[in-house]
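Student: This is the structure I have questions about; it appears just below.
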Amino acid sequence: MKVLVVYATRHGGTRGIAERIGEVLQADGFDAQVASADKAPRPDSADAVVIGSGVYLGSWLKDGTGYIERNQVSLAKRPVWLFSSGPLPGSSKNTTVNDPIEAAFGPTDGPGSGGRKRIAALSAAIHPRDHVVFQGAYDPNDPPRSMPERFLRIMPGSKDILPAGDFRDWSAIEAWADGIGQALRPAIAVG
Ligand SMILES: Cc1cc2nc3c(=O)[nH]c(=O)nc-3n(C[C@H](O)[C@H](O)[C@H](O)COP(=O)(O)O)c2cc1C
Numbered sequence: 113m114k115v116l117v118v119y120a121t122r123h124g125g126t127r128g129i130a131e132r133i134g135e136v137l138q139a140d141g142f143d144a145q146v147a148s149a150d151k152a153p154r155p156d157s158a159d160a161v162v163i164g165s166g167v168y169l170g171s172w173l174k175d176g177t178g179y180i181e182r183n184q185v186s187l188a189k190r191p192v193w194l195f196s197s198g199p200l201p202g203s204s205k206n207t208t209v210n211d212p213i214e215a216a217f218g219p220t221d222g223p224g225s226g227g228r229k230r231i232a233a234l235s236a237a238i239h240p241r242d243h244v245v246f247q248g249a250y251d252p253n254d255p256p257r258s259m260p261e262r263f264l265r266i267m268p269g270s271k272d273i274l275p276a277g278d279f280r281d282w283s284a285i286e287a288w289a290d291g292i293g294q295a296l297r298p299a300i301a302v303g
């Protein structure tokens, strides 16, 4: 049974998560292929698809949303799991927010809600089995890869908004990947 794991990353943190998910699924007996969203094959020959993106300023990266958009019809016909990698624990941005989706994307309405609305609309089109948010990683020594990122990093208080460190929770990631394997296993038994 083929599982395609697609990721969109800017600094590599999400690629690491996707690779770990692929390893867990492989160890669970699946034929897992991990690919970056800009080069990933169409999902047509996959039995299930996992798609994840890093979150920047409340939005998925364009490669991630673009992959879903291009392949909406095919994705809607197969089991899909989504993950977002974002929140940096201790960030002054999230102190009062308990809901992980809200911590990553911000509020459902009002200024800055565009990224969340977009992922909600794409989810409505492909109805994923789950959308989980994993904590991310931020290395201030890795040079910025976009203009807004450059500005945010030099803003006063940026160290409070972007705490440095690798906060990826590998046991949570592995448990989630195992759960995907368990959900797909009955389909293997049927053939
Ligand atoms: C400029 C900048 C903006 C960010 N904005 C958000 C955000 O809005 N929500 C969030 O949860 N994480 C945010 N993060 C944290 C990233 O999502 C986190 O570092 C993630 O692991 C990045 O994934 P990547 O390494 O795959 O690019 C931001 C990080 C940077 C550097």
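If you read the sequence shown in the numbering used here, its first letter stands for residue 113, the second for the next number, and so on. The beta carbon of each residue, even a glycine, is placed where N, CA and C say it ideally should be.
Does the count of Cβ pairs from the stretch 228-239 and the stretch 185-192 closer than 8 Å reach three?
Tutor: yes
Student: Taking 7 Å as the cut-off, is the beta-carbon of V162 closer than that to any non-hydrogen atom of ligand 1?
Tutor: If you number the sequence shown from 1, residue 162 lands on position 50. No - ligand 1 has no heavy atom lying nearer than 7 Å to the Cβ of V162.
Student: Mind checking whether the beta-carbon of P199 lies closer than 7 Å to any heavy atom of ligand 1?
Tutor: Working through the sequence shown from its first residue, we reach residue 199 at position 87. Yes.
Student: Along the chain, where does the alpha helix (DSSP H) containing D272 start, and where does it finish?
Tutor: The count along the sequence shown starts at 1 and reaches residue 272 at position 160. Unbroken alpha helix (DSSP H) run through D272: S270 to I273.
Student: Give every residue of the same chain whose Cβ lies closer than 7 Å to the Cβ of F279, excluding the five residues on either side of it in the sequence, and list them in chain order.
Tutor: Translated into the one-based positions of the sequence shown, residue 279 becomes position 167. Hits under 7 Å: L200, P201, Q247, G248 and A249.
Student: Excluding the 5 residues preceding and the 5 following A167 in the sequence, name in chain order all residues of the same chain whose CB lies nearer than 6 Å to its CB.
Tutor: The residue labelled residue 167 in the question sits at position 55 within the sequence shown. Here residue 167 turns out to be Val, not Ala, going by the sequence shown. Same-chain partners within the cutoff: S196, G198 and A216.
Student: Straight-line CA distance for V244 to P153?
Tutor: Indexing the sequence shown from 1 puts residue 244 at position 132. Indexing the sequence shown from 1 puts residue 153 at position 41. When rounded, the distance between both Cα atoms is 23 Å.
Student: What does DSSP give as the partner residue(s) for A120 in the beta ladder?
Tutor: By one-based count along the sequence shown, residue 120 stands at place 8. DSSP lists S165 as partners of A120.
Student: How many Å lie between V115 and D211 at the Cα?
Tutor: Taking the sequence shown and counting its residues from 1, the one referred to as residue 115 is at position 3. Taking the sequence shown and counting its residues from 1, the one referred to as residue 211 is at position 99. Distance between the alpha carbons of V115 and D211: 29 Å.
Student: Determine the direct distance from the alpha carbon of D156 to that of A139, and round the result to whole angstroms.
Tutor: As a first step, residue 139 is located in the sequence shown; it is residue number 27 there, counting from the start. As a first step, residue 156 is located in the sequence shown; it is residue number 44 there, counting from the start. Between A139 and D156, the C-alpha separation is close to 23 Å.
Student: Look at the alpha carbon of G277 and the alpha carbon of P252, and state the distance between them as a whole number of angstroms.
Tutor: Locating residue 277 in the sequence shown gives position 165, counting from the first residue. Locating residue 252 in the sequence shown gives position 140, counting from the first residue. Their Cα atoms are separated by approximately 9 Å.
Student: Would you say V185 and A147 are within 8 Å of each other, going by their C-beta atoms?
Tutor: Taking the first residue of the sequence shown as 1, we reach residue 185 at position 73. Taking the first residue of the sequence shown as 1, we reach residue 147 at position 35. Cβ atoms of V185 and A147: not closer than 8 Å.
Student: Could you tell me the boundaries of the alpha helix (DSSP H) in which S186 lies?
Tutor: Within the sequence shown, residue 186 is the residue found at index 74, counting from 1. Counting along the chain, the alpha helix (DSSP H) containing S186 begins and ends at Q184 to A188.
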